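Just so we're aligned: 362 in full-length UniProt numbering is position 362 of the sequence shown, and the numbers increase by one with no gaps anywhere.
Built from N, CA and C at the ideal position, the CB exists for glycine as well.
These numbers were taken from a predicted model, which means no experiment stands behind them.
Working notes, structure below.
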Amino acid sequence: MSIAALKTGNRSLVKIRSLILHIDCAYASNDTSIRTSTKPTTSVTFVGDNLPINMDLNEVKSLRLTDMRRGGGGRSSFSGIVATVFGAQGFVGGATVNRLAKEGSQIIVPYRGDVYGLRELRLLGDLGQVLFVPFHGKDEASIRRALQHSNVVINLIGRQSETRNFSFDDVHVKLAETIARLARECGVQRLIHFSALNASPNPPAIIVRKPSKFLQSKYAGELAVREQFPGATIFRPSAIFGHQHNDGFIAYHFSRWVRPMSFLRVPLYASGEKTVKAPIFVNDVSNAVYAAIREPNSVGQTYEIYGPERYKLRELIEYCLRYMRRKSIITPLTPDVFVKAIANSTFHKSLYNIDRMQCAYVSDTTTPGLPTIRDLGIEPVKFSAAIGHMMASMRKSGRYVENPEDFLIPDPPKPVSQELELSYNLSSP
Numbered sequence: 001m002s003i004a005a006l007k008t009g010n011r012s013l014v015k016i017r018s019l020i021l022h023i024d025c026a027y028a029s030n031d032t033s034i035r036t037s038t039k040p041t042t043s044v045t046f047v048g049d050n051l052p053i054n055m056d057l058n059e060v061k062s063l064r065l066t067d068m069r070r071g072g073g074g075r076s077s078f079s080g081i082v083a084t085v086f087g088a089q090g091f092v093g094g095a096t097v098n099r100l101a102k103e104g105s106q107i108i109v110p111y112r113g114d115v116y117g118l119r120e121l122r123l124l125g126d127l128g129q130v131l132f133v134p135f136h137g138k139d140e141a142s143i144r145r146a147l148q149h150s151n152v153v154i155n156l157i158g159r160q161s162e163t164r165n166f167s168f169d170d171v172h173v174k175l176a177e178t179i180a181r182l183a184r185e186c187g188v189q190r191l192i193h194f195s196a197l198n199a200s201p202n203p204p205a206i207i208v209r210k211p212s213k214f215l216q217s218k219y220a221g222e223l224a225v226r227e228q229f230p231g232a233t234i235f236r237p238s239a240i241f242g243h244q245h246n247d248g249f250i251a252y253h254f255s256r257w258v259r260p261m262s263f264l265r266v267p268l269y270a271s272g273e274k275t276v277k278a279p280i281f282v283n284d285v286s287n288a289v290y291a292a293i294r295e296p297n298s299v300g301q302t303y304e305i306y307g308p309e310r311y312k313l314r315e316l317i318e319y320c321l322r323y324m325r326r327k328s329i330i331t332p333l334t335p336d337v338f339v340k341a342i343a344n345s346t347f348h349k350s351l352y353n354i355d356r357m358q359c360a361y362v363s364d365t366t367t368p369g370l371p372t373i374r375d376l377g378i379e380p381v382k383f384s385a386a387i388g389h390m391m392a393s394m395r396k397s398g399r400y401v402e403n404p405e406d407f408l409i410p411d412p413p414k415p416v417s418q419e420l421e422l423s424y425n426l427s428s429p
């Protein structure tokens, strides 16, 4: 017990230290009364030193005050989660960091390049709760340093194109396997790995005869992660959309690299009639991550994360065009689009290439029997209910409307029924 604390009147600190001293003495004298009690008088939540997120006082291994859960909830409290988020600089990463920080989690962000590119993430958490650690995907020491103090690791790393330094296999298989193995060696309790909804050893070939190497490598990464960390929770998200211009779905189809000339026409495979998508809102994905961390039954599970309704790709694009008040023509893929995609594939441009086209036009398929986002207690929002804010910035005349009564919200897109989808065989090329 601290004499200085008594002199300063800090009696609450004295009580905590007395409790710690009492427990330490009990363990030192082999007193099992505390450890074997079936009705503990109190319980606390610890983090650090590879302790479970929720731990009974009977199982305490560390009694550092900095490890104890504190506060009533919110960003200025401490939830007991110390999470390393690989790929936090991406679209989903920002939403995931925000969701964890909202509950008072401490977040470690491994990064490459300039740390100032991640400065917005620092504002998502309380002072000192968002930390940045440099790392390299081929340097195990830097990866270990980034996750050795965490009890949760989230792997969001993924690429839509190969480079001279990193292939799909390097990023989605080898790096994922390394993170899973080091997480197991460091005693991390929860690992959440992001794959893709259509990941398969032999995905359908839509644009060219060869299947997507992106989807093949994602599937191989699942197997590698499961082998190294059997208790990992794997997410297979569908196309993710959100409020930023790098969402990879809506922004992708309206990108200047895809549009031949402004908004005059939007080229889609088979004019979007043979592609069915079930897009998911990014906030639902981040909520699912936090729910999986708190759900003990999610250990070792593979979740398919997709939206509540399925749409033809053409219907989604037409709805967005109506919302933006732009008169564009949806056309089949034209030769100039293929030339641009081949050139980008040759020079490793990530936004629009042949493999990216393969992924964009593969219909979302689900696996019967696998749990979904609803099994985590989350009801996903419909596409039309969440897309408005994003479309406002891409709308003709921007956010300015001279007469608000002249701007009518368009009717939502019509979902595709399962019977209609099977009758037209929309998933086939």
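Buried or exposed for residue i, please, with buried defined as at least 16 other CB atoms from any protein chain shown within 10 angstroms of its CB.
| i | result |
| --- | --- |
| Val173 | buried |
| Gln418 | exposed |
| Asn393 | The displayed chain sequence assigns Ser, not Asn, to residue 393. When all chains shown are included, Ser393 counts as exposed. |
| Lys218 | buried |
| Asp411 | exposed |
| Ile81 | buried |
| His136 | exposed |
| Asn165 | exposed |
| Thr163 | exposed |
| Phe46 | Reliability of the predicted coordinates at Phe46 is poor, the pLDDT of 34 falling under 50, and the value obtained from them is presented with this limitation in mind. Buried. |
| Lys213 | buried |
| Phe383 | buried |
Are the CB atoms of residue j and residue i within a distance shorter than 9 Å?
| i | j | result |
| --- | --- | --- |
| Lys277 | Ala251 | no |
| Val115 | Ile107 | no |
| Gly248 | Gln148 | no |
| residue 511 | Asn155 | Absent from the model: residue 511. The displayed extent of the chain is 1 to 429, so no value can be given. |
| Tyr306 | Pro237 | yes |
| Val130 | Val109 | yes |
| residue 454 | Ala176 | Examination of residue 454 is not possible in this model, given that the chain is present from 1 through 429 alone. |
| Thr302 | Leu197 | no |
| Tyr269 | Pro413 | no |
Sort out for me which residues DSSP pairs residue i with in a bridge.
| i | result |
| --- | --- |
| Tyr311 | Lys277 |
| Asn283 | In the DSSP output, where bridge partners are listed per residue, Asn283 has none listed. |
| Tyr303 | Phe235 |
| Phe249 | BP columns for Phe249 are empty, so no partner. |
| Ile154 | Val85, Ile192 |
| Thr331 | Pro267 |
| Arg70 | Phe78 |
| Phe241 | Phe281 |
Is the beta carbon of residue i within less than 8 Å of some heavy atom of the ligand ADP?
| i | result |
| --- | --- |
| Thr163 | Judged by which ligands are present, the structure shown has none, so any question about the ligand ADP falls away. |
State the Cα-Cα distance for the pair residue i and residue j, rounded to the nearest angstrom.
| i | j | result |
| --- | --- | --- |
| Ser77 | Ile234 | 28 Å |
| Met391 | Glu103 | 29 Å |
| Ile157 | Ser271 | 31 Å |
| Glu315 | Cys359 | 18 Å |
| Ala385 | Ala180 | 36 Å |
| Gly242 | Phe91 | 8 Å |
| Asp49 | Asn353 | For Asp49, the predicted model reports a pLDDT of 38, less than 50, meaning its position is unreliable; a value from the coordinates is still stated below. Rounded to whole angstroms, Asp49 to Asn353 spans 44 Å at the Cα level. |
| Arg75 | Ile280 | 26 Å |
| Tyr290 | Leu100 | 7 Å |
| residue 430 | Pro211 | Outside the modelled stretch of the chain, which goes from 1 to 429, sits residue 430, for which no answer is possible. |
| Arg326 | Ile317 | 11 Å |
| Thr334 | Pro267 | 7 Å |
| Val362 | Asp375 | 25 Å |
| Arg310 | Ala220 | 27 Å |
| Ser200 | Gly117 | 34 Å |
| Lys340 | Ser255 | 13 Å |
| Gly94 | Lys274 | 32 Å |
Along the chain, where does the alpha helix (DSSP H) containing residue i start, and where does it finish?
| i | result |
| --- | --- |
| Gln216 | 213-228 |
| Gln358 | 354-360 |
| Phe132 | Where Phe132 is concerned, there is no enclosing alpha helix (DSSP H), although the beta strand (DSSP E) it sits in stretches over 130-134. |
| Thr178 | 175-185 |
| His389 | 388-394 |
| Leu147 | 140-147 |
| Glu120 | 119-122 |
Quick check on the DSSP output: the beta strand (DSSP E) that includes residue i runs from which residue to which?
| i | result |
| --- | --- |
| Pro110 | 106-111 |
| Lys115 | Reading off the sequence, residue 115 comes out as Val, not Lys. Neither: Val115 is in no beta strand (DSSP E) and is coded neither H nor E. |
| Val97 | It is not in any beta strand (DSSP E) - Val97 instead sits in the alpha helix (DSSP H) that spans 91-102. |
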